[in-house]
Structure formats: structure tokens, C-alpha cells
Amino acid sequence: MSLKNLPKLCGENGCRLMAKHKGKHDAYPTSAWSFMRDKDKKKLNKAGLATPRGGNKGAYQNHVVRSNKVIIPYESLPKLSLSNYVDGYVIRLYPEQYFDSVGKPKTSFVSGTDAWIAIGENAFILYRTHEVLENLPPLPEWSIRTLEQDGKPVKKRGQEVKDVGHYVLRISGLGNKKGIIKGAAQGVFAPEYANREINYLCQCVLAWLILRTAGSPYTTTQAKHLQAILDREGLLDESNYEYKGLLRRGLCSCPLCLRFIDYNSLHDTISYAENSSSENAAEQIEGSTRSTTVNLFHLEPLLYSDRIAHTPINVAWGHHNCNAALGQRRCRSLAELIELDLKVGIITPEGIETFGWIADDYEMIRSPLGAVWIRISQDGIEDSFFEAEEDSHLADLSDEE
Ligand SMILES: [Zn+2]
Ligand SMILES: [Zn+2]
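Each number in my numbering comes from the position in the sequence shown (counting from 1) with 1037 added on.
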């Protein structure tokens, strides 16, 4: 089929330009989607940026590419594989995590299992309240964390730029005490991280999916270069996209609700007020009150884990509202659920009428006609409460007997 007449790529030093190109090699050519409109290019560029989470409060960097230094919360260390973060990391500790008492670090940081964590080298302390700053102040020899190049302070991160200092203040105002913001932003939210290669391939997949939206102003013949790049990475097999619900009958669809994605909805905006649950949206940008109808969508949620989550096989375009409804759950496709073979049905005197398939973690039910159900709370959150309920319920039942 069309795969046969894809152009050849250069391939030298991982170069993804067309064979026999002029000029320098480039492993990450955005020229693969240069035929697209500016607003689409912007959307793809944005997909390559880490979404600010908690923004300034957490000393996170805003509006930078995913392939950046990450902040690793000390408490999340056991879940992570530090070797994933090839662009660097810095461990964040709260004063309570580091200090035993005023001026005295916990023994584990001095001579124990945490002795490899060195404040000012691979770690920093984050102060968030006036109270903690007073009760567990920085050590006298410590300084505010800043950026330096050749011994001089600079504002922006860069190749030759070093982090110096030990702590950052992100203190909110309280009563007559003013807020204090001191110290450089330290990095991006670790679950948003992707190295340059992965980040680029995600953009390629997303560009390809834009091309497949309903009413897209592009044709596949314009995207030969893009297809060649995807093909070389094994990312052009449409059956994979259909299986996961990113494409339906060849058109881009929302992985959750399966409705076709209209090209214009990539750029139309909706107000958050239209959907009150969107405050929890995984992809919501802090401080912004509007979103496009369709946004970057991750099939597996971006959580602290030992794997990079923003990968070419985990990205899609999906409705903002579907994203919000999905929350931090994994989006399973209909095909996946059918494979699990756990049918759900309604018991009637005539028998059982099945209407869909449930995920083995009971988080989601899908009907073959397109409906989706998502679990919004779990059993047994308050054991004592449910036990009491159960007892009285049983009593009621026995009365009926
Ligand atoms: Zn080349
Ligand atoms: Zn949707």
C-alpha cells in the first residue's frame, strides 16, 4: 500500500531528514509537519511542553519542554527510576522531612541510607509556610537557590548554567505576614518528563492524528516525511491506533467517548465553568480559565512511576471534558475490555441481559454502542461505617425473611 512509496530518511547519526538532504543532520526535524497551519504547529509545540502543576507554589518551571530537569519529591523516590531523567533531577525535601530539630538534620541524611542526598547538590529544601520557616530555619551557612554561569548569577537555565544554593521560599501570605517568593524555579513535574527523543516522537504521532481529524485541511500525501518517520519507529500501524480507540474507521477519535474529533475542536475554546469537574483535569493549566475543546490526552495517567508516561503509544487527542471525567484513571479501549472478557449485565426474571464489558480493576465499563461508565468512588473507604451499615442492612433483611 502507501507504505511502499514512503521517502527514505537520511539515517546518519539518527538523522530524520529526507535522504540526500542539504545542510546539517537533524534527528528531530519539525519540518515533518511544516505543511501544517501555524495554529496546529503551536498546538504540537505546546504538547512538547510540561504542563505546570502547582506552578509557582511548588517551584516548578513553567512553559519549558518536557526534556528538562525534574523535581523529585523525596517521598516519591521509592516509586521512581532516577535513570529515566537524563536531563537531570533535583530532590525536593520539606524542612520536616530533613530536620529532626532546629539546625539538626535527621541521622539518615548524615550517616544513614539517605546520606547520598546532599542539600545544595542533588537536593533542595522547599519552605511553604511562615511557621515552618520559623520553627525549622535553614542552616546558617545555607543560601537561597539561584542560577549561575561562570560564577555570575543568571535568570535562565542553559547548558553552562549551574544551580547553586540550598533552599527555596514559596511562602504564602498569612494574616499580616506577607508572602515570600525567593529562589529559582527548580524543574518540571517529574511525571510530565520525556527525553528529547520520546518527546519528539509524541509530537509526530500527534501531528499524524491531527491529519486524521474529521474535516482536517490536509492530505496524507503532504505527510510523506512524517509517515516515513513514524514508519521507521513502528508507529504507523493503524490497527494499533484503532485498537486503542485513537482512530475509529480511520478517523481521529476521543479515546474515552469515541466520538470523532473534529478538526475545528482542536482550536475552539470552552470555558471551564461549563464543566465543574474540570478543576481536577489532568491537563489543566494553572491560572488559565479557558481550554480548547480538544486537548492532549494520555491513555495512562501521568503519575509518579518507574516509567516515562508521556510516550508515543500513550498520547492522543481527546475532549477536555472527557479528560476531566477520566481523572487519574487508565483509559481502556473497547477492544481491550472485550479481550478481558468480563461481561456485565442486568439480572431479570427472564435471565441476564448483558450490556457491556468491565475492566478487571472495575474502573470502567463500556458498551459496544459507545457508552462509557467510570467508577467515581471505591468500596470500603471507611470500614467501620460500612460495617455498621452492613449490620443494620442485614438486620433489615432478616426481618423480611
Ligand atoms: Zn541527515
Ligand atoms: Zn471525548
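Note that CB positions come from ideal geometry on N, CA and C, so glycine has one too.
Paired residues, beta bridge with residue i - DSSP
i, result
"leucine 1043", "BP columns for leucine 1043 are empty, so no partner."
"leucine 1288", "Arg1285"
"arginine 1129", "Pro1110 and Phe1161"
"asparagine 1332", "Gly1355"
"tyrosine 1097", "Gly1224"
"tryptophan 1410", "Ile1402"
"phenylalanine 1136", "Pro1142"
"tyrosine 1204", "Ile1162 and Ile1181"
"lysine 1219", "Leu1206"
"threonine 1037", "Residue 1037 lies beyond the stretch modelled for the chain, which goes from 1038 to 1438, so this question has no answer here."
"alanine 1251", "Asp1299"
"isoleucine 1307", "Ser1328"
"proline 1190", "Glu1185"
"methionine 1055", "Leu1046"
"isoleucine 1156", "Ala1160"
"lysine 1199", "Glu1185"
"leucine 1086", "Val1102"
"leucine 1211", "Lys1214"
Integer-rounded CB distance, given that residue j should sit under 8 angstroms from residue i
i, j, result
"leucine 1333", "isoleucine 1247", "Contact doesn't hold; Cβ gap of about 11 angstroms is too wide."
"asparagine 1236", "serine 1104", "5 angstroms"
"leucine 1043", "aspartate 1268", "6 angstroms"
"isoleucine 1307", "serine 1276", "Rounded, the Cβ-Cβ distance is 32 angstroms, inconsistent with contact."
"methionine 1073", "tyrosine 1204", "About 44 angstroms; that fails the 8 angstroms criterion."
"leucine 1363", "alanine 1396", "Not quite, the Cβ-Cβ distance comes to about 12 angstroms (not below 8 angstroms), so this is no contact."
"lysine 1106", "aspartate 1077", "In fact, because the Cβ distance is near 29 angstroms, the residues do not count as touching under 8 angstroms."
"isoleucine 1402", "glycine 1393", "5 angstroms"
"arginine 1233", "tyrosine 1065", "6 angstroms"
"leucine 1295", "glutamate 1270", "Their Cβ separation, rounded to whole angstroms, is 26 angstroms, which puts leucine 1295 and glutamate 1270 out of contact at 8 angstroms."
"leucine 1184", "valine 1198", "5 angstroms"
"arginine 1366", "proline 1338", "7 angstroms"
CB contact flag (residue i, residue j, <8 angstroms)
i, j, result
"leucine 1081", "tyrosine 1111", "no"
"leucine 1206", "glycine 1224", "no"
"isoleucine 1266", "arginine 1412", "no"
"aspartate 1299", "threonine 1250", "yes"
"isoleucine 1108", "tyrosine 1122", "no"
"leucine 1272", "alanine 1244", "no"
"glutamine 1259", "alanine 1084", "no"
"asparagine 1050", "histidine 1058", "no"
"histidine 1100", "leucine 1114", "no"
"glutamate 1133", "valine 1102", "no"
"isoleucine 1217", "asparagine 1093", "no"
"glycine 1252", "asparagine 1172", "no"
"leucine 1336", "asparagine 1351", "yes"
Residue i beta carbon near ligand 4 (any heavy atom closer than 7 angstroms)
i, result
"threonine 1150", "Ligand 4 is not among the ligands present in this structure, which contains only ligand 1 and ligand 2."
Quiz item: Do the segment 1137-1157 and the segment 1378-1385 meet, that is, are 3 or more Cβ pairs less than 8 angstroms apart?
Solution: no
Quiz item: Quick one: any contact between the segment 1055-1074 and the segment 1210-1226, if contact means 3 or more CB pairs under 8 angstroms?
Solution: Between the segment 1055-1074 and the segment 1210-1226 there are fewer than three inter-stretch CB-CB distances shorter than 8 angstroms, so the stretches are not counted as touching.
Exercise. Check whether the segment 1226-1234 touches the segment 1346-1361, taking contact to mean three or more Cβ pairs, one atom from each stretch, closer than 8 angstroms.
Key: yes
Self-check item: Check your reading: residues with Cβ closer than 6 angstroms to ligand 2 heavy atoms
Solution: Cys1291, Leu1293, Cys1294, Arg1296, Gly1355, His1356 and Cys1359
Quiz item: Contact between the segment 1282-1291 and the segment 1349-1358: three or more CB pairs below 8 angstroms?
Solution: yes
Quiz item: Does the segment 1128-1143 come close enough to the segment 1161-1178 that 3 or more CB-CB pairs lie under 8 angstroms?
Solution: yes
Quiz item: In chain order, what residues have a CB nearer than 6 angstroms to some heavy atom of ligand 1?
Solution: Cys1047, Glu1049, Cys1052, Leu1054, His1058 and His1062
Self-check item: Cβ contact check for the segment 1365-1375 and the segment 1276-1284: 3 or more pairs under 8 angstroms
Solution: yes
Quiz item: Does the segment 1189-1198 touch the segment 1142-1154, meaning 3 or more C-beta pairs lie closer than 8 angstroms?
Solution: no
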